[in-house]
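Position in the sequence shown counted from 1, then plus 127, gives you the numbering used here.
Note that beta-carbon positions come from the ideal geometry of N, C-alpha and C, so glycine has one too.
Being a predicted model, the structure only gives us computed values, none of them experimental.
The block underneath contains the structure these notes are about, expressed in structure tokens.
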Amino acid sequence: MDVKQKYWNPILETLPHEKIRQLQLNKFKQIFKWTYDHSKFHRQLYDQTRIKPEDIRSFKDIKQVPKVEKSMMRDIQRKDPFPYGDALCVPLEDVAVFRQTSGTTGQPVYQPDTWQDWEWWAECWSYILWAQGYRPQDRVFIPFGYNIFVAFWAGHYAAEKLGCEVVPGGVLDTKARILKIRELQATAMMATPTYVLGMADTAKSKMDLDPSKMTIEKITCAGECGASIPSTKRRMESAWGAKVYDHAGATEIGAWSFECTEQPGGMHVNEALFLVEIEDVETGEIIEEPGRRGKMIITALDRQAQPCVRFDSKDVIEWADEPCPCGRTARLIKGGVVGRADDITKVKGVLLAPSAIEEVVRDLDGLGDEYEVVVEKDGDTDRIKLRVEVMPEAEDQCQLIEAELVDQLRLKTNLRYDIEICGCETLPRYEVKAKRFKDLRRKE
Ligand SMILES: [Zn+2]
């Protein structure tokens with residue numbers, strides 16, 4: 128691979144939109160037929176609506192294909208062929224890789240991959256890393272034990288595929304990881320936004336080290352949407368003196384989207400490998416035009432062992448209306464994944480996306496990185512409590528900060544909050560993925 132080459136795949140990444148659409152349609156027909164022919168679970172689902180592979184002739188026909196939800200996958204697993212059940216499309220002996228979903232709610236979904244699928248994972252991530260400026264001379268530090276989860280394994284293999292040098296930083300504690308980054312002069316890192324900020328905080332407050340003086344030049348974020356929230360991105364970039372890029376993926380889908388070095392305020396959907404449809408949550412219609420939010424229905428066009436065909440991801444996204452200056456023709460989703468359909472709740476009749484609160488909190492000087500939102504019932508009305516941490520140097524400005532928070536939150540979310548300003552280091556810390564939004568009404 129020529130290091131001066133701008134795109135990982137110069138043909139697919141610059142294909143005119145109508146050609147990408149034609150490719151998607153052709154690939155959809157193939158993966159749908161593969162799935163229909165090999166997965167008992169899918170065939171039963173499709174037979175119920177009487178849709179067959181030969182019925183798919185246009186995108187209009189694709190809309191008729193029933194969606195698959197995560198809960199349906201849970202229900203069919205832990206049965207024969209054990210442990211994957213009826214959606215497995217290959218003989219069990221062809222499965223080379225076991226992973227499972229990392230969600231905090233419900234039983235995890237198992238994900239089998241063949242060796243070919245696993246190479247596909249590395250290929251998906253290669254698009255991401257190349258677009259974010261990773262080149263063979265990079266030394267990439269991954270500060271996690273990857274365990275049975277996909278994301279950082281796939282990132283690891285893709286970085287190797289690019290020719291980067293990869294340092295797996297599992298087992299070590301946070302301080303030892305920071306020292307290793309310094310010792311090896313690592314130039315790139317992959318982590319969740321929560322951990323990127325947590326590491327910087329540990330370096331500064333417990334080790335008297337300034338991460339922005341270290342050698343990290345770029346950070347790829349995964350697992351949470353923070354890298355697409357402008358104020359969180361700014362905090363990470365200034366803490367590390369590095370460029371921070373977002374990526375989105377999921378165990379049962381693949382690594383479907385990424386930010387490029389232009390940082391266009393959104394992420395490219397890798398449309399050569401995935402078909403993304405945005406569905407209006409209320410009407411169920413597919414949204415084609417920019418600027419309207421809906422939930423993502425996604426198909427991985429090349430994945431075989433346990434296919435992902437019209438998977439209801441519950442990620443809330445919208446198309447951007449401008450093309451990206453980087454020249455990639457794959458469409459952008461504006462602001463990345465803006466939330467989960469499950470997390471976007473109605474409070475006092477107003478739709479609230481937790482990411483909007485994060486944007487406001489992280490944008491205010493004088494506040495720490497952590498915060499907590501609790502929604503609860505007070506008689507018949509909803510109350511939202513927001514706890515934030517004030518930095519020691521801003522303790523005498525609490526009243527000002529509170530007033531600013533109330534104003535900004537009203538502007539951005541149309542809601543009123545009870546603000547509680549806490550001391551530094553008093554809110555819960557999270558190691559990998561954070562749980563900062565608590566809706567106590569759901570338990571009732
Ligand atoms: Zn771009």
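Whole-number beta carbon distance between residue j and residue i, since they are thought to touch under 8 Å
i: residue 359; j: residue 489; result: 5 Å
i: residue 239; j: residue 427; result: Going by Cβ atoms, the distance from residue 239 to residue 427 rounds to 14 Å, so no, they are not a contact pair.
i: residue 83; j: residue 188; result: With the chain covering only 128 through 571, there is no way to say anything about residue 83.
i: residue 405; j: residue 445; result: 7 Å
i: residue 480; j: residue 501; result: The Cβ separation is near 16 Å, so there is no contact.
i: residue 424; j: residue 194; result: 6 Å
i: residue 343; j: residue 313; result: 6 Å
i: residue 153; j: residue 254; result: About 20 Å; that fails the 8 Å criterion.
i: residue 260; j: residue 388; result: 5 Å
Rounded straight-line distance, which links the Cα of residue j to that of residue i
i: residue 229; j: residue 377; result: 9 Å
i: residue 336; j: residue 509; result: 43 Å
i: residue 262; j: residue 400; result: 22 Å
i: residue 133; j: residue 471; result: 37 Å
i: residue 374; j: residue 226; result: 19 Å
i: residue 535; j: residue 546; result: 12 Å
i: residue 393; j: residue 463; result: 5 Å
i: residue 421; j: residue 217; result: 33 Å
i: residue 402; j: residue 241; result: 21 Å
i: residue 186; j: residue 246; result: 28 Å
i: residue 412; j: residue 450; result: 24 Å
i: residue 440; j: residue 351; result: 14 Å
i: residue 540; j: residue 484; result: 8 Å
i: residue 523; j: residue 496; result: 18 Å
i: residue 369; j: residue 200; result: 39 Å
i: residue 323; j: residue 338; result: 10 Å
i: residue 419; j: residue 511; result: 26 Å
i: residue 306; j: residue 135; result: 32 Å
i: residue 204; j: residue 224; result: 16 Å
i: residue 303; j: residue 554; result: 24 Å
i: residue 202; j: residue 456; result: 38 Å
i: residue 222; j: residue 447; result: 38 Å
i: residue 571; j: residue 473; result: Low local confidence applies: a pLDDT of 45 at residue 571 is under 50, so the model's placement there is unreliable, and no value is given.
i: residue 156; j: residue 180; result: 7 Å
i: residue 138; j: residue 477; result: 45 Å
i: residue 234; j: residue 197; result: 10 Å
i: residue 438; j: residue 295; result: 31 Å
i: residue 430; j: residue 272; result: 25 Å
i: residue 308; j: residue 416; result: 44 Å
i: residue 192; j: residue 178; result: 7 Å
i: residue 527; j: residue 517; result: 12 Å
i: residue 569; j: residue 371; result: 34 Å
i: residue 548; j: residue 498; result: 10 Å
i: residue 289; j: residue 267; result: 11 Å
i: residue 538; j: residue 469; result: 23 Å
i: residue 244; j: residue 281; result: 11 Å
i: residue 556; j: residue 129; result: 43 Å
i: residue 506; j: residue 170; result: 48 Å
i: residue 458; j: residue 334; result: 43 Å
i: residue 250; j: residue 213; result: 27 Å
i: residue 237; j: residue 275; result: 10 Å
i: residue 310; j: residue 291; result: 17 Å
Burial state of residue i, where buried means 16 or more other Cβ atoms lie within 10 Å
i: residue 504; result: exposed
i: residue 279; result: buried
i: residue 353; result: buried
i: residue 286; result: buried
i: residue 258; result: buried
i: residue 493; result: buried
i: residue 363; result: buried
i: residue 265; result: buried
i: residue 209; result: exposed
i: residue 95; result: There is simply no residue 95 to check, as the chain begins at 128 and stops at 571 in what is shown.
i: residue 390; result: buried
i: residue 442; result: buried
i: residue 530; result: exposed
i: residue 270; result: buried
i: residue 520; result: exposed
i: residue 151; result: buried
i: residue 434; result: buried
i: residue 513; result: buried
Specify whether the stretch 320-329 and the stretch 291-299 touch according to this definition: at least 3 beta carbon pairs, one from each stretch, less than 8 Å apart.
Segments in contact, no.
Taking 8 Å as the cut-off, does the stretch 318-325 touch the stretch 549-567 (at least 3 CB pairs, one atom from each stretch)?
yes
How would the residue list near ligand 1 read, in chain order, if you kept each one whose beta-carbon is closer than 6 Å to any heavy atom?
387, 389, 391, 395, 451, 453 and 455
Could you check whether the stretch 130-149 touches the stretch 157-169, counting it as contact only if at least three pairs of C-beta atoms, one from each stretch, sit closer than 8 Å?
no
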